[in-house]
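Take a look at the structure below.
Structure follows, in structure tokens:
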């Protein structure tokens, strides 16, 4: 530990290091530099005081007691893959890293649950469940690197939410260390349970502002039977592609993956790899079905998209399927090769997906920003990527203006500011517009009640 | 309005009546007598002050402002079908009936949602959704009489939770009048959304102790395709029947209905109607499958139950299916013909369903109480019905002792006090045993923050 690089106020970091059971404290410049920010690439003002690597709930308890005593702001941190600035740490903050709490404490096939520590990598749990014939369905884009703790803090979504729900729908209970160091367990080991308030739901998605999640009981599901089936449908325009999910829903078709990729993004991917798609349309819809009726459902979707003038491929061949789905997987990487990016995340009511895509095109033209959009189409959760020059020292004003337009229009269409990335610091300025004054005050009331000193991830969300 | 029958303190009820926009105030003895209690049949001490029939959110706002000004406790009330005493009103309370707020404000097929007022009967929404090709899946036993507001307040479950989830899983957003009369909207019109804390989840299941739900945006689903298929399996003993759901889960079979009926209950139903079951076993498992693969899944379940020594019927014939499922539907009525009843509701981890059934048999013997048990078997949510003599003026001590034993054992097995009926007044005394001191204190902190005067349904839950 190098106290010499310690920046911030005069809190006795050495005292904290003595109190930890298995954890470690670091004040090294490189550690702090890496842990100041996340994948939103926003820069916090100031510099963190130190970083704690917790190895146990006891470490987190000691850290929170110390932080409360010395009024040090605490920023809980997983893998740092967040996209909204929720893990930014500046101004004398303590970075509380949970990434070394990596135990899967239990995995029960009969109770269909796993008890995990927050540092477990999302894909590692998915693999462990798969090996036991089960499924952990939540599949964020960063699953190979993100931690479950981070997924819980942001209520992460991903590719399979339309069928299997977001992180919240897979959480049975939590272990949480409160701002004053008390440890509470919430929820149940059972799927159902209504004893008391839904504290589990309150902590999930609260972005570290109400407490530190040190454990979670997660619901696992039966692995879908049989081979999967994939549909790729090229639509003449984005509006037609946006209508298809509504028709699928009317027909009772429920894909486990349903992604829309717009023309700008398709161009970017095409510059990166050859595309062998069923047609040359402006918008691509990719779907995957799992379960016993996967092939039948995919065939029905194919017919339905055909009636909407799409050129369609339906396949159960694994290699062809992988090739088709890779178009979506490479979308962000392909866009990133074109410049610096700001990846957005908001949701509109399903019926307004087409309208929103049209609005995004107008916004791009109005502010002279290239925008490539992909969407979790079943839930109308859009991810427009705003591109700008790598040489720009900061995010340019026209990019912020375009983002601002998008958020306001999404809200006007009945949507919400964020579907899965969170508010963090990135969207704080718009939150009151969505919630209204009274609901914002209720947030503040709850925050003050659970964190009266205001040390839990201050400046985030509210 | 008859002020002469007004009982309680000296709050000016006439002033309240003047402030209501469309609502009505009643102090009639018969109205109050009917609204003092619910289907838990517990008797509150004292007598309510008056009853308000709200017709609009504005009425609820005026009522809460008046109640806050005069420190009058408010008991929100739907149809009064609750089974835990959450709607008991005594001691000068104001009964706030939402049952006249019955509008379905919107039903959108493309956005797959309904915006409802709290007085809508559950089955009425299910029917309205069905007519538009959609499904509202939450199906509590009292669906033909219960209101959605009551379902939301208790986070009601029912028969289809194993596949489709409890009420919470179908709520996108709420309109809530707070204890001070402010109106907040929570949640979204979209399925996904992580802007701010999950206030929706916090109010759902809070049993009227945090605010009054005056509106809800509910998620609708696609109606399951094709004919349903039913399985009836008679097992030689309850333990074997309890193992079957675990095997079903391992095989990836997900029925939309999966009920276990024990020997005592089967005897009661048999005394009431002839039973034409596939065998004479001690325990019956009834299942229904919906969706494109219903027939195939039912056949696979039939085979699987056969390997567990069950005598099995599998059918897609609607009449035969109705006849089989009626065994479960008539279970409680049949038990009620045998005496006065206390219907219990708790959950154990799936793997402990058999153990809990064994424990219930021991408890029945130990306390000399006849207990008939049905269970939502997929979620291991048990409903033991404790029987006692109609002549008893109160619930006898041995019945309470048996209930106490059941709760303690359910908790010891890793379960929870209530799966869908709620805590109300019935289970308050056990809540701290389940939550622990610190989590109970967090409940109290949140309650005090949102209801500092303590007028929202006091004496319930906490």
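Protein chains in written order, with full-length UniProt numbering: chain A, 1 to 462; chain B, 1 to 462.
Each residue gets a CB set at the ideal place from its N, CA and C atoms; glycine is no exception.
Computed from a predicted model, the values in this text were never measured in an experiment.
Buried or exposed for residue i, going by 16 or more other Cβ atoms inside 10 Å?
i, result
"residue 20 of chain B", "buried"
"residue 3 of chain A", "With a pLDDT of only 38 at residue 3 of chain A, under 50, the local geometry of the prediction cannot be trusted, and no value is derived from it."
"residue 173 of chain A", "buried"
"residue 168 of chain A", "buried"
"residue 53 of chain A", "buried"
"residue 118 of chain A", "buried"
"residue 271 of chain B", "exposed"
"residue 127 of chain A", "exposed"
"residue 307 of chain A", "exposed"
"residue 408 of chain B", "exposed"
"residue 391 of chain B", "exposed"
Identify, in the order they occur along the chain, each residue of the same chain with its Cβ nearer than 8 Å to the Cβ of residue i, setting aside the five sequence neighbours on each side.
i, result
"residue 265 of chain B", "331, 334, 335, 372, 373, 374 and 385"
"residue 316 of chain B", "227, 228, 229, 230, 294, 295 and 298"
"residue 368 of chain A", "398"
"residue 352 of chain B", "380, 413, 414 and 415"
"residue 300 of chain B", "251 and 253"
"residue 431 of chain B", "417, 423, 440, 461 and 462"
Hey, is residue i's beta-carbon within less than 8 Å of any beta-carbon in chain B?
i, result
"residue 164 of chain A", "no"
"residue 450 of chain A", "yes"
"residue 7 of chain A", "The predicted position of residue 7 of chain A is uncertain, since its pLDDT is 40 and thus under 50; a value taken from the coordinates is nonetheless stated next. Not closer than 8 Å to any Cβ of chain B, the Cβ of residue 7 of chain A fails to qualify, so no."
"residue 1 of chain A", "Since pLDDT at residue 1 of chain A reaches only 36, below the 50 mark, its modelled position is unreliable, and no value is offered."
"residue 463 of chain A", "Nothing can be reported for residue 463 of chain A, as the shown portion of chain A is limited to 1 through 462."
"residue 350 of chain A", "yes"
"residue 288 of chain A", "no"
"residue 201 of chain A", "yes"
"residue 4 of chain A", "Because residue 4 of chain A carries a pLDDT of 37, less than 50, the predicted location of this residue cannot be relied on, and no value is offered for it."
"residue 446 of chain A", "yes"
"residue 206 of chain A", "yes"
"residue 316 of chain A", "no"
"residue 438 of chain A", "yes"
"residue 454 of chain A", "no"
"residue 443 of chain A", "yes"
"residue 525 of chain A", "With chain A covering only 1 through 462, there is no way to say anything about residue 525 of chain A."
Within the same chain, show all residues whose beta-carbon is closer than 7 Å to that of residue i, passing over the 5 residues directly before and after it, in chain order.
i, result
"residue 65 of chain B", "181"
"residue 79 of chain A", "99, 145, 146, 147 and 150"
"residue 179 of chain B", "64, 68, 211, 450, 451, 453, 455 and 456"
"residue 360 of chain A", "371, 373, 384 and 406"
"residue 328 of chain B", "259, 261, 286 and 374"
"residue 43 of chain B", "37"
Indicate whether at least one CB of chain A lies closer than 8 Å to the CB of residue i.
i, result
"residue 409 of chain B", "no"
"residue 250 of chain B", "yes"
"residue 161 of chain B", "yes"
"residue 197 of chain B", "yes"
"residue 434 of chain B", "yes"
"residue 246 of chain B", "yes"
"residue 141 of chain B", "no"
Can you list, in chain order, the residues of its chain with a C-beta nearer than 6 Å to that of residue i? Leave out the 5 residues immediately preceding and following it.
i, result
"residue 424 of chain A", "84, 85, 86 and 460"
"residue 348 of chain A", "356, 380, 410, 413 and 415"
"residue 422 of chain B", "84, 86, 154 and 207"
"residue 434 of chain B", "411 and 417"
"residue 81 of chain A", "39, 142, 145 and 146"
I want to check one thing, is the minimum distance from the CB of residue i to the heavy atoms of the ligand COA below 7 Å?
i, result
"residue 66 of chain B", "Absence of the ligand COA is noted for the structure shown, with no ligands found whatsoever."
Does the region 153-171 of chain B come within contact of the region 251-269 of chain B, defined as at least 3 CB pairs closer than 8 Å?
yes
Positions along the region 301-313 of chain B whose CB lies within less than 8 Å of some CB in chain A
Taking 8 Å as the upper bound on Cβ-Cβ separation, chain A lies near no residue of the region 301-313 of chain B.
Members of the region 172-192 of chain B near chain A, C-beta cut-off 8 Å:
178, 182, 183, 184, 185, 186, 188, 189, 190, 191 and 192
Using a Cβ cut-off of 8 Å, which residues of the region 210-224 of chain A contact any Cβ in chain B, in chain order?
Answer in chain order: 210, 222, 223 and 224.
For the region 400-420 of chain A against the region 357-367 of chain A, do three or more pairs of beta-carbon atoms, one drawn from each stretch, fall closer than 8 Å, so that the two count as touching?
yes
Measuring CB atoms only, is the region 180-200 of chain B touching the region 433-451 of chain A, in the sense that at least three cross pairs come out at less than 8 Å?
yes
Closer than 7 Å, Cβ to Cβ, to anything on chain B: give me those residues from the region 412-427 of chain A, in chain order.
414, 415, 416, 417, 418, 419, 420, 422 and 423
Indicate whether the contact test is met: 3 or more Cβ pairs, each with one atom in the region 122-140 of chain A and one in the region 214-222 of chain A, closer than 8 Å.
yes
Residues in the region 57-78 of chain A having any Cβ partner in chain B nearer than 9 Å
none
Could you tell me whether the region 304-319 of chain A touches the region 195-209 of chain A, where touching means 3 or more Cβ pairs closer than 8 Å?
no
Members of the region 107-121 of chain A that neighbour chain B once the beta carbon cut-off is set at 9 Å:
Correct list: 108, 109, 110, 111, 112 and 113.
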